[in-house]
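So the protein sequences, as listed, match chains A and B.
The first sequence runs 1 to 400 under the numbering used here.
The second sequence runs 1001 to 1400 under the numbering used here.
Beta carbons: idealized from backbone N, C-alpha and C, even for Gly.
There are 2 protein chains.
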Amino acid sequence: MHHLDVPQTLGTLAVMLAAAKLLGVAAQRIGQPAVLGELVAGVLLGGSVLGLADPTSDTLYLFAEIGVVILLLEIGLETDLGKLLRVGGESSLVAAVGVALPFLLGYGVCLALGQGSLVAITAGAALTATSVGITARVLSDLHRLQEPESQIILGAAVIDDVIGLVILAVVAGLTEGKAPTVLGVAEITAVAVGFLAATLLVGWLVVPPLARWIDRFALPGAPTLLAILLAFGLAWLASVAGSAVILGAFATGLLLRRTPQARQIERGVAPLGHFFVPLFFVAVGAAVDVHSLNPFNPANHSTLAIGGLLIVAAVVGKFAAGYAPFWFSGNKKVIGVGMIPRGEVGLIFAQMGLAAGVFSAGLFSAVTLMVMVTTFIAPPLLRLLFPPSRSARVSDPAGG
Amino acid sequence: MHHLDVPQTLGTLAVMLAAAKLLGVAAQRIGQPAVLGELVAGVLLGGSVLGLADPTSDTLYLFAEIGVVILLLEIGLETDLGKLLRVGGESSLVAAVGVALPFLLGYGVCLALGQGSLVAITAGAALTATSVGITARVLSDLHRLQEPESQIILGAAVIDDVIGLVILAVVAGLTEGKAPTVLGVAEITAVAVGFLAATLLVGWLVVPPLARWIDRFALPGAPTLLAILLAFGLAWLASVAGSAVILGAFATGLLLRRTPQARQIERGVAPLGHFFVPLFFVAVGAAVDVHSLNPFNPANHSTLAIGGLLIVAAVVGKFAAGYAPFWFSGNKKVIGVGMIPRGEVGLIFAQMGLAAGVFSAGLFSAVTLMVMVTTFIAPPLLRLLFPPSRSARVSDPAGG
């Protein structure tokens, strides 16, 4: 009756979570953030090594997406919007330069290596969007989320997501053979910005009274469930409005931070995060095909060459963007490095390119390699430049 | 690339959780347990009314099954095995009579109404297994889990599950045209009992040291994740061993209760329960087809007649079983009523009968009606006979 083998799915989830946690602890033991170990767990469990974690399965996909939603909800709960707006100028400039420069560099690399214009545009686009998830998780692991550098990075990554959505829509149109119109681009931008603004405005009127009303029932778990309901509901609404799921989840966190139950919600959401979020990083790692990256196979050499140059373009472009807000007195290197990881967003571009027939399998692997390396080098670099804050050894208040 | 529409799935999950929580609160307001409202939410959202919750979708099915696993994990964490063994005699007798009597009554009703022998056996079998989930949830809502009556009910329901597995395997063989052998029946029984015994024996040697080892890392969420990993892993192992998923989850709870982190695990698992468990009750409710139960449609009359008699057989058979341990000085009515709900287990029999072509669509609806009514009448009756304990107003320690 049901196609899904539930016991097997439960077993697979247990293996993925155990591997993520074990390698996460191992990473921490050698002085790296846990997220690095979780990504390696994904690569090892993925289709190209052990074949246990199938990144194309609906189940892992859904759990990974719920993981991103809960991650963004948690980030929103920890984000002081006032602080974010105070660094709005810096963030906007970092985002703008960090989109334009990698795009132009990636576009140039592909044209120089004899690729067509459409391929170059799609590959360049894959270099633009920052993975807020990975950087935020590393900054959180280092207990540095409240520093100005982190706030600039997170602000820029959120703006990046808005820009990334526009580029994604434009590239999707191009790969389908359509010419992008100024009106269409303007519309997609307006929707994303408008959704966030409208949600926050309406939300600040509705959510605090709603939270107070729910508090009157003294139901176990009610504030946590309210947070999940709002995050899922606004994620859906964001998608219906033509914007990104993560924007809705992030907005929910920002809104709930203003309620008296914010701390209680953080504690209640944490166990859901411990369950779903590692599955997201496992899914990202599992999408990596290690065979196409074997340097001893001559067939992979051109892939590795393009991949190598794309990595340079990706790292240099984002790192330089960190220096764009020249007036900022903090650590500009940290900002540049924090913008490097592409994670899931870069993979969406890569997979779109493959599905549309724009990318060859080799070019897909090259872009995937770029995503993997940028994702893998940023955490240790960030840790090197931005050692854990003194509060890092404080144990988790959720206690679960 | 992916067939699953993630934003839509998130929206649907939000609606299901919101409806379950709202109707759960409404049920409590009129003096009923929350689970009744959650089941009604499922019926309303199900395919035959609003069509929002599709009980045949892989997603709802998986989330519902994870809900049962977490529910049984939580029940195991709250189950004092010593107390359970002290009522072992009572439980075993209640379980044995509560399986035999409803089976014979259901079998007789079907034969009397002119159904074939195979139909009568399958329908009788559908009357045997108690839904431990629904009764346990109601007893937990009433803060009565620690009373001897509750312990007898839970013990009998667990034994029922073991017997139910055997009957399920035998009926599956019969509907496939095989003759059940004594050896086969004995083997299935031995596997279920053996799995539980082996898991508990090995687990009591392995789990407490494992829990102490994990505690040394002081990782946020580690004990909770250990609980989820073990529950999923043992659920999978139980299934591989040829037994039921819920046995593995229940065993995990029993094992973790003995670790020093038991309270911490309970607090950490609670938010996962608040998320997944209502989805199980919504899924059970959503499987009900209200159209086939419309009394004004003459085509439904024979269905309703069989359904009505099956309900009588189901209620009388289990209620009488409560009086089987004649020496028990507690409230025998409570035990009888606590055994009434069939829930998901009855539905598995019904769906197996439909899939194998043994049940007509009408008979499937009749059995479904029996499951629904037994599930719906038990909570208010239980509440009537077993008013909430004085500690009922104590707020949730998880605080989330």
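{"Check": "Within 10 angstroms of the Cβ of Gln401/A, are there 16 or more other Cβ atoms? Answer buried if so, exposed if not.", "Outcome": "As displayed, chain A neither begins before 1 nor continues past 400, which places residue 401/A out of reach and without an answer."}
{"Check": "Any beta-carbon of chain B closer than 8 angstroms to the one on Pro271/A?", "Outcome": "yes"}
{"Check": "With 8 angstroms as the threshold, decide whether the Cβ of Trp1213/B is near any Cβ in chain A.", "Outcome": "no"}
{"Check": "Leu1293/B and Val1337/B - do their beta-carbons sit closer together than 8 angstroms?", "Outcome": "no"}
{"Check": "Just to confirm the assignment: which complete alpha helix (DSSP H) runs, minimum length 4, are found wholly within the region 230 to 271 of chain A?", "Outcome": "245 to 256"}
{"Check": "Could you please tell me which residues of the region 74 to 96 of chain A, in chain order, have their CB closer than 9 angstroms to any CB of chain B?", "Outcome": "none"}
{"Check": "Have a look at Ala1366/B and Ile1335/B and give me their C-alpha separation to the nearest angstrom.", "Outcome": "25 angstroms"}
{"Check": "Starting from the beta carbon of Val1245/B, find every residue of chain A whose beta carbon is closer than 9 angstroms, and list them in chain order.", "Outcome": "Val6, Pro7 and Leu10"}
{"Check": "Applying a beta-carbon distance threshold of less than 7 angstroms, which residues of chain A neighbour Ser1365/B?", "Outcome": "None at all; the shortest Cβ gap to chain A is about 16 angstroms."}
{"Check": "Starting from Gly1116/B and walking both ways along the alpha helix (DSSP H), at which residues does that stretch end?", "Outcome": "Here Gly1116/B belongs to no alpha helix (DSSP H), and DSSP marks it neither H nor E."}
{"Check": "Chain A beta carbons: is any one of them nearer than 8 angstroms to that of Asp1058/B?", "Outcome": "yes"}
{"Check": "Under the three-state reduction of DSSP, which class applies to Asn331/A: helix, strand or coil?", "Outcome": "coil"}
{"Check": "Which one of Pro148/A, Gly106/A, Gly203/A and Leu145/A has the shortest CA to CA distance from Ala129/A?", "Outcome": "Gly106/A"}
{"Check": "Going by Cα to Cα distance, which pick from Val1193/B, Val1119/B and Leu1369/B is closest to Ala1241/B?", "Outcome": "Val1193/B"}
{"Check": "Go through its chain and collect everything with a Cβ distance to Val207/A's Cβ below 8 angstroms, but skip five positions before and after it.", "Outcome": "Leu230, Leu255, Leu256, Arg258 and Thr259"}
{"Check": "Check whether the Cβ of Gly1233/B lies closer than 8 angstroms to any Cβ atom in chain A.", "Outcome": "yes"}
{"Check": "For Ala392/A and Ser140/A, I'd like the C-alpha separation in whole angstroms.", "Outcome": "Bear in mind that the predicted position of Ala392/A carries a pLDDT of just 43, short of 50, making it unreliable; the figure below should be weighed with that in mind. Cα to Cα, the separation comes out at about 9 angstroms."}
{"Check": "In this structure, how does DSSP classify Asp80/A when only helix, strand and coil are distinguished?", "Outcome": "coil"}
{"Check": "When the Cα atoms are used, what is the spatial distance from Leu73/A to Ala262/A?", "Outcome": "12 angstroms"}
{"Check": "Kindly list, in the order they appear in chain B, the residues whose Cβ is closer than 9 angstroms to that of Phe376/A.", "Outcome": "Those within 9 angstroms of Phe376/A in chain B number zero; the least Cβ separation is about 22 angstroms."}
{"Check": "With DSSP as the reference, label Gln146/A as helix, strand or coil.", "Outcome": "coil"}
{"Check": "My understanding is that Val284/A touches Gly42/A, with C-beta atoms under 8 angstroms, so please give their C-beta distance in whole angstroms.", "Outcome": "6 angstroms"}
{"Check": "Nearest chain B C-beta to Ala136/A closer than 8 angstroms, yes or no?", "Outcome": "no"}
{"Check": "Determine whether the beta carbon atoms of Ala1324/B and Leu1013/B lie at a separation below 8 angstroms.", "Outcome": "no"}
{"Check": "Can a CB atom of chain A be found closer than 8 angstroms to the CB of Val1069/B?", "Outcome": "yes"}
{"Check": "Using only alpha-carbon positions, find the residue among Trp327/A, Ala286/A and Gly357/A that is nearest to Glu90/A.", "Outcome": "Trp327/A"}
{"Check": "Does Asn300/A pass the burial test, meaning 16 or more other C-beta atoms within 10 Å, or should it be called exposed?", "Outcome": "buried"}
{"Check": "How many Å lie between Ile159/A and Gly82/A at the Cα?", "Outcome": "16 angstroms"}
{"Check": "Do you know how far the Cα of Ala1034/B is from the Cα of Val1277/B?", "Outcome": "12 angstroms"}
{"Check": "Measuring alpha carbon to alpha carbon, tell me which of Leu1039/B, Leu1225/B, His1143/B and Pro1148/B ends up nearest Ala18/A.", "Outcome": "Leu1225/B"}
{"Check": "At what residues does the alpha helix (DSSP H) containing Gly1357/B begin and finish?", "Outcome": "Gly1357/B -> no alpha helix (DSSP H), and no H or E assigned at all."}
{"Check": "Answer with yes or no whether the minimum CB distance from Phe1386/B to chain A is below 8 angstroms.", "Outcome": "no"}
{"Check": "If Pro1223/B sits next to Ala1211/B, beta carbons under 8 angstroms apart, how far is it from one beta carbon to the other, in whole angstroms?", "Outcome": "7 angstroms"}
{"Check": "Could you list which residues in chain B have their beta carbon closer than 7 angstroms to that of Ala18/A, in chain order?", "Outcome": "Leu1229"}
{"Check": "Ser48/A touches chain B at which residues, Cβ-Cβ below 9 angstroms?", "Outcome": "Those do not exist, as Ser48/A stays about 17 angstroms from chain B at its closest Cβ, beyond 9 angstroms."}
{"Check": "Can you give the beta carbon distance from Gly46/A to Val288/A, rounded, assuming they're within the 8 angstroms contact cut?", "Outcome": "6 angstroms"}
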